[in-house]
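In what follows, a structure is listed as structure tokens, so that the remarks can point back to it.
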Amino acid sequence: MIGSLVATAFWAMVPAYVPNNAAVLAGGGRPIDGGREWRGARLLGDGKTWRGTAVGTLVGVVLALALNRLNGPASAVLGVDLPPLFGLPAAFALAFGAMCGDIGASFLKRRSGRERGAAFPGVDQLDFVVGALALVFLVDPAWATDVFTLPVLAAVVVITPVLHVVTNVGAHALGLKNEPW
Ligand code: CTP
Ligand code: MG
Ligand code: K
Numbered sequence: 006m007i008g009s010l011v012a013t014a015f016w017a018m019v020p021a022y023v024p025n026n027a028a029v030l031a032g033g034g035r036p037i038d039g040g041r042e043w044r045g046a047r048l049l050g051d052g053k054t055w056r057g058t059a060v061g062t063l064v065g066v067v068l069a070l071a072l073n074r075l076n077g078p079a080s081a082v083l084g085v086d087l088p089p090l091f092g093l094p095a096a097f098a099l100a101f102g103a104m105c106g107d108i109g110a111s112f113l114k115r116r117s118g119r120e121r122g123a124a125f126p127g128v129d130q131l132d133f134v135v136g137a138l139a140l141v142f143l144v145d146p147a148w149a150t151d152v153f154t155l156p157v158l159a160a161v162v163v164i165t166p167v168l169h170v171v172t173n174v175g176a177h178a179l180g181l182k183n184e185p186w
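Heads up, the sequence shown is in the working numbering, so the first residue is 6 and it goes up one at a time.
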């Protein structure tokens with residue numbers, strides 16, 4: 006029961022988990038805010054770039070389509086009912102929504118006087134989840150309500166911060182990321 010909830014939550018959220026990590030590897034180039042400031046601080050900052058956002062979104066979508074091919078075999082091996090296949094709109098919404106949540110968090114960080122790279126505990130771990138879920142419920146409500154029942158949402162809220170901490174500490178240790186958050 007718990008195992009099946011965690012498997013469903015994880016599977017459905019992979020297209021939202023990976024874009025931010027892909028953006029770390031792909032980042033650079035022109036910042037989205039073009040260097041503009043608002044009320045004494047950068048609108049978003051140099052950490053939110055067009056390239057990182059585009060590559061992150063693309064990687065999330067491609068991954069969702071790849072997961073679709075593994076859905077049957079993985080369900081059989083794990084002995085659980087994994088979520089129904091990702092349609093293109095749902096895949097895009099999860100990936101792009103995750104990037105937008107992270108961008109929204111940077112906006113809030115700059116408004117609250119946090120420099121680029123500063124930690125914002127709680128927000129750092131869940132911004133992309135809020136963005137991904139909001140957009141997927143908007144874009145493909147039928148798929149989203151089918152997959153994200155209350156118990157699955159609860160599982161997402163529990164496993165995401167754990168995964169986030171583990172991947173970021175790992176990426177920092179490997180020298181891929183400046184800060185371990
Ligand atoms: N990145 C990017 N575009 C995005 C998100 C991330 O290019 N939309 C890249 C940037 O190189 C960024 C790195 O991934 O520096 C790490 O992402 P993140 O931790 O979200 O950004 P920070 O640099 O910490 O900036 P902020 O304080 O605004 O979160
Ligand atoms: Mg950061
Ligand atoms: K972030």
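The C-beta atom is built at its ideal place from N, Cα and C for all residues, glycine as well.
Beta-carbon separation (whole angstroms), residue i vs residue j, contact threshold 8 Å
i           : j           : result
residue 104 : residue 62  : 6 Å
residue 28  : residue 60  : 7 Å
residue 122 : residue 184 : 5 Å
residue 144 : residue 98  : 4 Å
residue 141 : residue 14  : In fact, because the Cβ distance is near 13 Å, the residues do not count as touching under 8 Å.
According to DSSP, residues forming a beta bridge with residue i
i          : result
residue 43 : 46
Beta-carbon proximity check, residue i vs residue j, cutoff 8 Å
i           : j           : result
residue 100 : residue 65  : yes
residue 96  : residue 137 : no
residue 181 : residue 30  : yes
residue 42  : residue 49  : no
residue 16  : residue 89  : no
residue 106 : residue 134 : yes
residue 186 : residue 124 : yes
residue 40  : residue 55  : no
Secondary structure of residue i, DSSP reduced to three states
i           : result
residue 172 : helix
residue 54  : strand
residue 3   : What the structure shows of the chain is the stretch from 6 to 186, and residue 3 is not part of that stretch, so it cannot be assessed.
residue 186 : coil
residue 65  : helix
residue 85  : coil
residue 129 : helix
residue 6   : coil
Sequence-distant residues of its chain with Cβ nearer than 6 Å to residue i (five each side left out)
i           : result
residue 85  : 9, 12
residue 149 : 141, 142
Contacts around residue i, its chain only, beta-carbon distance under 7 Å, and the 5 residues preceding and following it disregarded
i          : result
residue 24 : 61, 62, 64, 65, 100, 103, 104
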